[in-house]
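Novice: Chains as they are written, first to last, in this note's numbering: chain A, 166 to 565; chain B, 689 to 1060.
Every residue, glycine too, gets a C-beta built ideally from N, C-alpha and C.
Dropping the structure in here first, questions after.
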Amino acid sequence: MTAQFEFLPAWPLHAAPSLWVAVALIAAVFVGEMFARTGWLPRVTGYILTGLVVGPGMLAVIGGSTMADWRLVVELALGILLFELGTRVNLRWLGSNRWLVVSSLLEAGLSFGAVFLILRYFGTPHAIAATAATITIATSPSIVVRIAAELRAQGQVTERLMLHTALNSIYAAVGVNLMVGVLHHEFRGSLLEAVLYPVYLLCSSVLVGTGFAMVFRRVERWLGNHEEVLSFLLLGMIALAVSVSATLNVPPLLPLLLAGVVVRQIRGRTLVYPQHFGSAGAVLIIVMFVLSGVSIAPQQLMQGAAVAAILVLGRVLAKIAGILAIARPSGLSWRQATALGVGLAPLSGVALLLTLDTGTLFPEFGKAVQSALLGSIVVLELVGPVMTFAALKLAGEANQ
Amino acid sequence: MPLQSFSQSKPLTMGVELELQLLSTTTYDLVASAEDLLRIVGRRPHPGEVKPEMTSSMIEISTSAQSCYQSLLDELRDMRGALLEAARFLNIAVAGGGTHPFQHWGERKIFDAPRFKHLSELYGYLAKQFTIFGQHVHIGCPGPDEALRLLHLFGRYIPQFIALTASSPIVQGFDTQFDSARLNSVFSFPLSGRAPYVLSWTDFGRFFDKMTGTGVVESMKDFYWDIRPKPEYGTIEIRVCDTPLTVEKAAALAGYVQSIARYLLVEAPFRPDEDDYLVYAFNRFQACRFGLGGQLVDPRTHERIQIGDDIMDTLSHIEQHAIELGAEDACKAVRDSLTAGNDAQWVRRRYAAEKSLPEVVRQQSEYWASGK
């Protein structure tokens, strides 16, 4: 008896770990479509919400170990979106319209100030409040790029949303690296590390980013101008850049964003590739959003709810104010400026990663402020896409 | 509303209107930024006028009335400078060309103004498909009857103007085999074609009253004729040209038209004849389809002649008039373009070399910005 039917699986059936990710993916597509049919909810919110429901906080069918298994997918998807954002940034524009620089700095500065003051008011130590305020300068690149793609949005608000998002993500990434240096000094008293750590992060990011662009230029000359081949090449190179960043122990945000920016600038020609490099890229991106939902811990939201609500509101208002103040000279109507300010709301998994990175390096940081910060991230991860979605529609730039 | 009276204008003055493409600097697809651009351009004084067009990815610039080619060219260059500055401020690119080669007409947005909304309701998808870019040339006329006479005399030269300015070979991603595919979109409008054969303003007024009486038209604007009188300016308006890829070419064409007008008015080399229109549609088709290589049928001798050769012939007749008007350089540019080929050929050459339409459009926008 024991020797027979060994080919059958053991009873009761034991699901392979990837099963639940697959089920979650299908569920996410369903929820996404349900949301899309309302006309005012983006699919992304459906994906994230699905992740939240299946994640450890609620149904708990997907846990932390699955997250680790899928880390490569998440990073690749993020890499795609960051690179796409980078190629949308026209540095020459900053030269022809200097008010954009003013507007970007003001928006980021006010956002920093608002979050810093609110955290200080609730008794957060200086260094930690400053780090948190720096992290929240960033608008979520992944959400902005994805929503613009979903709406096939085009126009001034969309262009500036991309530009401001790229810029404020760079401010945040650079700023956090500097802050980490300061924290090193504050908590560990090592001045050398305080200086060398951010220098290392910045240099390796720039190196990976520009190296990407140089290699791409070489290979592309040889491959010729075939749209599909070009996008395979880019996809492969993005994967490479992501893993090189991981090897160097550098967060992928800056290298990939810079790669996109540099590729665009040094290339005279237009760079045309399908959105997200085709449906394969798009699927990875859905998985990424579902898993970013999984990583949300709803209990965090409950704990830090009050502070989180104030943080979210303060940050959004600061961003709107920053954009509105420079609206006229920079060439926007009031309506467009308001839409742009609202559109900059999403805070993201990137911020989450930055928080967690900082949290691992400095446990003290985590205890003090993580729950309020994570709370705001939860709120803005779910509500932020809806705000960007509504903003682009309000601006009349949606092309559905 | 009865037909308005024909205004006074200085004979043989000219004005140019150009419809231009507004483009994303990333995808080089059309972008709905007319409103933004108008807002920025309006902040500083500039020559001429900048106006919205049917869909929000188009803009129209028009010069003031100019009596000589050089001043027209200068004004066009100044307007180009003002427009480029505003466009760069907004991260938009601007280009000439009669069609955008890969835009999807369904994605176009109608410019938010009552007239355009009305036209969109009336014409449905034709309005969005009207995202095509033309050059209009106005010529000042001594009086209304002379205007109508000139209008019908010019009919013979329409294929030349089409072939010289043709710059719309590619539509919706495919080479149409036409040099000017743009005009095919104009022909789908019910009131397109040629003006009725009447030679006095009184008769024209009668025709206009009958048409308005049917309720089909309300004003002169509702006629989409190849050439139409513009009573409020005291001009006739030639509307068959594609927007060339550069303002230099647009100005040259205007100088050429002006020289022909002087030749027709001063020498009166032939009289208008309704039978000239027997071959009109055929000749116009030849020009759209084959450009400078198209074959014209002479309505009177029934001989066939290549459009390029016909232009050479015309150039020899109008030489003195061009000199009188200071339009020799314009005529020289027209002569040169017979060997260099028209803009449709430029577009095809670029596409053959680059194999990427967005890249062709990017080069088109650089060509427009530099004129070289």
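List, in order along the chain, the chain B residues whose C-beta lies closer than 9 Å to that of Gln430/A?
Specialist: Simply none; closest approach about 12 Å.
Novice: Would you please verify whether the beta carbon of Leu778/B is less than 8 Å from any beta carbon of chain A?
Specialist: So, interface residue.
Novice: Near Ile450/A, what residues of its chain come up, given a Cβ to Cβ distance below 8 Å and the 5 sequence neighbours on each side ignored?
Specialist: Around Ile450/A: Ala242, Ile245, Leu246, Ser307, Arg311, His441.
Novice: Identify, in the order they occur along the chain, each residue of the same chain with its Cβ nearer than 8 Å to the Cβ of Val452/A, setting aside the five sequence neighbours on each side.
Specialist: Contacts found: Val186, Leu190, Trp235, Val238, Val239, Ala242.
Novice: Compare the C-beta of Tyr944/B with all C-beta atoms of chain A and state if any pair is closer than 8 Å.
Specialist: No - not a single Cβ of chain A is within 8 Å of the one on Tyr944/B.
Novice: Check whether the Cβ atoms of Ala774/B and Val729/B lie closer than 8 Å to each other.
Specialist: Yes. Within cutoff.
Novice: Taking buried to mean at least 16 other C-beta atoms within 10 Å of its own C-beta, is Leu357/A buried or exposed?
Specialist: Leu357/A is exposed by the Cβ-count criterion.
Novice: According to DSSP, simplified to helix, strand and coil, what is Phe895/B?
Specialist: If DSSP states are grouped into helix, strand and coil, Phe895/B belongs with the helices.
Novice: Contact defined as beta carbons within less than 8 Å: I believe Leu718/B pairs with Leu711/B. What is the distance between those atoms, to the nearest angstrom?
Specialist: Yes, they are in contact, since the Cβ atoms of Leu718/B and Leu711/B sit about 6 Å apart, within 8 Å.
Novice: I'd like to know whether the C-beta of Gln440/A is nearer than 8 Å to at least one C-beta of chain B.
Specialist: Taking Cβ atoms only, chain B never reaches closer than 8 Å to Gln440/A, which makes this a no.
Novice: In chain A, which residues lie with their C-beta within 7 Å of the C-beta of Ser752/B?
Specialist: Within 7 Å Cβ-Cβ: nothing; Ser752/B doesn't reach chain A, min ~26 Å.
Novice: Along chain A, in chain order, which residues have C-beta atoms closer than 8 Å to that of Pro1046/B?
Specialist: What Pro1046/B touches in chain A: Thr435, Val437.
Novice: For the beta strand (DSSP E) holding Ile227/A, just list the boundary residues, first then last.
Specialist: Where Ile227/A is concerned, there is no enclosing beta strand (DSSP E), given that its DSSP letter is neither H nor E.
Novice: Here's the rule I'm using: 16 or more other beta-carbon atoms within 10 Å means buried, otherwise exposed. How should Lys898/B be labelled?
Specialist: That one is exposed.
Novice: Would you please verify whether the beta carbon of Arg844/B is less than 8 Å from any beta carbon of chain A?
Specialist: It does not; no Cβ of chain A falls within 8 Å.
Novice: Quick one, which residues of the segment 691-725 of chain B are near chain A if we go by CB-CB under 9 Å, in chain order?
Specialist: Going along the segment 691-725 of chain B in chain order, one finds Ser712, Thr713, Thr714, Thr715, Tyr716, Asp717, Leu718, Val719, Ala720, Ser721, Glu723, Asp724 with a Cβ nearer than 9 Å to chain A.
Novice: Cβ closer than 7 Å: which chain B residues qualify as neighbours of Glu249/A?
Specialist: None at all; the shortest Cβ gap to chain B is about 10 Å.
Novice: Rounded to a whole number of angstroms, what is the C-alpha to C-alpha distance between Val196/A and Gly458/A?
Specialist: Between Val196/A and Gly458/A, the C-alpha separation is close to 13 Å.
Novice: Anyone know if the C-beta pair for Gly784/B and Pro932/B falls short of 8 Å?
Specialist: Contact flag set, yes.
Novice: Contact between the segment 251-266 of chain A and the segment 420-436 of chain A is defined here as three or more beta-carbon pairs at a separation below 8 Å; is this criterion met?
Specialist: Because the criterion of three Cβ pairs below 8 Å is met, the segment 251-266 of chain A and the segment 420-436 of chain A touch.
Novice: Does the Cβ of Lys484/A have 16 or more other Cβ atoms within 10 Å, making it buried, or fewer, making it exposed?
Specialist: It counts as buried.
Novice: Please name the residue in Leu547/A, Asn564/A, Val543/A, Leu509/A whose C-alpha comes closest to that of Ala556/A.
Specialist: Residue Leu509/A is the option with its Cα nearest to Ala556/A.
Novice: Please confirm whether Gly1014/B and Gln758/B have their CB atoms less than 8 Å apart.
Specialist: Cβ distance < 8 Å, so Gly1014/B and Gln758/B count as in contact.
Novice: Determine contact between the segment 405-414 of chain A and the segment 356-373 of chain A, defined as no fewer than three beta-carbon pairs at a distance below 8 Å.
Specialist: Contact between the segment 405-414 of chain A and the segment 356-373 of chain A is present, because at least three Cβ pairs lie under 8 Å.
Novice: If you reduce the DSSP assignment to three classes, tell me which class Ser697/B lands in.
Specialist: Note: Ser697/B maps to coil in three-state DSSP.
Novice: Establish whether the CB of Glu955/B and some CB of chain A are separated by less than 8 Å.
Specialist: Chain A contact via Cβ: absent.
Novice: Could you name the residues of the same chain whose beta carbon sits closer than 6 Å to that of Glu925/B, not counting the 5 residues immediately before and after it, in chain order?
Specialist: For Glu925/B, where only same-chain residues beyond five positions count, the Cβ hits under 6 Å are His824, His826, Arg916, Lys918.
Novice: Tell me which residue opens and which closes the beta strand (DSSP E) that Asp930/B is part of.
Specialist: Residues 923-930.
Novice: Taking 8 Å as the CB-CB cut-off, is Ser261/A touching chain B?
Specialist: Taking Cβ atoms only, chain B reaches closer than 8 Å to Ser261/A, which makes this a yes.
Novice: Does the distance from the CB of Ile995/B to the CB of Leu980/B come in under 8 Å?
Specialist: Yes, Cβ-Cβ distance for Ile995/B and Leu980/B is below 8 Å.
Novice: Taking Cβ positions, are Ile747/B and Leu725/B nearer each other than 8 Å?
Specialist: Yes, Cβ-Cβ distance for Ile747/B and Leu725/B is below 8 Å.
Novice: Give every residue of the same chain whose Cβ lies closer than 7 Å to the Cβ of Val339/A, excluding the five residues on either side of it in the sequence, and list them in chain order.
Specialist: So the qualifying residues of the chain are Leu367.
Novice: When you compare the segment 984-993 of chain B with the segment 857-875 of chain B, are there three or more beta-carbon pairs, one atom per stretch, that lie closer than 8 Å?
Specialist: Flag = no, the segment 984-993 of chain B and the segment 857-875 of chain B do not touch.
Novice: Contact check, Tyr921/B vs Ser744/B under 8 Å by CB: the rounded distance?
Specialist: Not really, about 26 Å apart at Cβ, beyond 8 Å.
Novice: Can you tell me whether Gln692/B is buried or exposed, with buried defined as 16 or more other CB within 10 angstroms of its CB?
Specialist: Gln692/B should be labelled exposed.
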